[in-house]
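Below is one structure; the comments refer to it alone.
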Amino acid sequence: MAAPLLTAEQITRRDSATGRVLIDRVSMSIAAGERIGLVGSSGAGKTVLMRSMVLLDPVQEGRILWQGQPVVGSEVPGFRSRAMYLPQLVPVTDGTVEEFLRSPFEWKIHRDRRYDADRIAAWIDACGLNVDLPRGPMMQASGGERQLFALLRALQLDPIVVLFDEATASMDAELTRRVEAMISDWQAADPQRSIVWTSHSSEQIDRMTDRQIQLQAGQVVGERQGSVAGEAGNV
Ligand SMILES: Nc1ncnc2c1ncn2[C@@H]1O[C@H](COP(=O)(O)OP(=O)(O)OP(=O)(O)O)[C@@H](O)[C@H]1O
């Protein structure tokens, strides 16, 4: 059997200033094509776990593996181009939306790729928004639009695993549905692509995930397949 794409092996993350344990001996694996929900109340550790899984946060114990191999040193940039974390809050940047979308292509790891304005326009159109939006200043984009642009900025790079942290929290219901469909289409285009999804909406967790991992105080306290709707206490 093929190794999972991304594995956390007994990882522990402590706050270096206080020593407080934020993630406590968590193990989880993401296999090709999976759609995993991370659920738990505010402060349960969903964001810290996602950030730790892509080595954006330091892990003091345990290991992060990509396709069964520990990710070390010089492999980290390549790893982060395959496994991407999408934060809930998108920083406001100077310049146009298009400059924001183009910026990753200036990084060494993506230097062989080219910005594809038509692909971006098709996605924006599929979301029911004006395809001229990339010409406008990022500062003037609404919170929901900004979340969408951050999402497109990641998806255009064709990562293999994407960890979405409340990816539609600033979007209205209509845009949320369109973005969910766009992500599902993007994932269906390649059987390797996998997603990890957090949301406080059990309905959205149902729509977007097939397996859920429940966190509480930085620990995995439950795991289930299928539907979570109707179990509001779990999410
Ligand atoms: N960089 C950090 N340093 C110290 N503590 C942190 C850091 N980041 C998060 N925490 C703490 O870790 C705990 C888990 O936070 P986290 O953001 O992962 O929760 P969450 O489950 O994503 O919550 P929410 O659903 O509200 O987004 C919180 O108590 C938070 O204050």
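Per the UniProt record's numbering, the very first residue in the sequence shown carries number 1; after that it's consecutive. Where a beta carbon is used, it is the ideal one built from N, C-alpha and C, also for glycine.
- If you look at Q187, you'll find it in the alpha helix (DSSP H) that goes 173 to 188.
- Going by DSSP, L148 is part of no beta strand (DSSP E) but of the alpha helix (DSSP H) stretching over 143 to 155.
- Contact between R153 and P104 holds: CB atoms are separated by about 6 angstroms, below the 8 angstroms threshold.
- Close CB contacts of E223 within its chain, under the 8 angstroms cut and outside five residues either way in sequence, are with R211, Q212, I213, Q214 (chain order).
- In this structure, Q67 places its C-beta atom within 7 angstroms of the C-beta atom of A3.
- A150 has its Cβ no nearer than 6 angstroms to any heavy atom of ligand 1.
- The Cβ atoms of V161 and S194 sit closer than 7 angstroms to each other.
- Within the segment 24 to 73, the complete alpha helix (DSSP H) segments at least 4 residues long are 46 to 53, listed from N- to C-terminus.
- Around the Cβ of R119, a 10 Å sphere holds fewer than 16 other Cβ atoms; the residue is exposed.
- DSSP, read as helix, strand or coil, puts V76 in helix.
- Setting aside the 5 residues that flank it on each side, A169 is surrounded in the same chain by Q88, each with a C-beta closer than 6 angstroms to its C-beta; the list follows chain order.
- The set of residues whose C-beta lies within less than 5 angstroms of a heavy atom of ligand 1 reads, in chain order, D15, L22, S42, G43, A44, G45, K46, T47, V48.
- In the DSSP assignment, E203 falls within the alpha helix (DSSP H) that extends over 202 to 208.
- Spanning the alpha carbons of A31 and P191 requires a straight line of approximately 10 angstroms.
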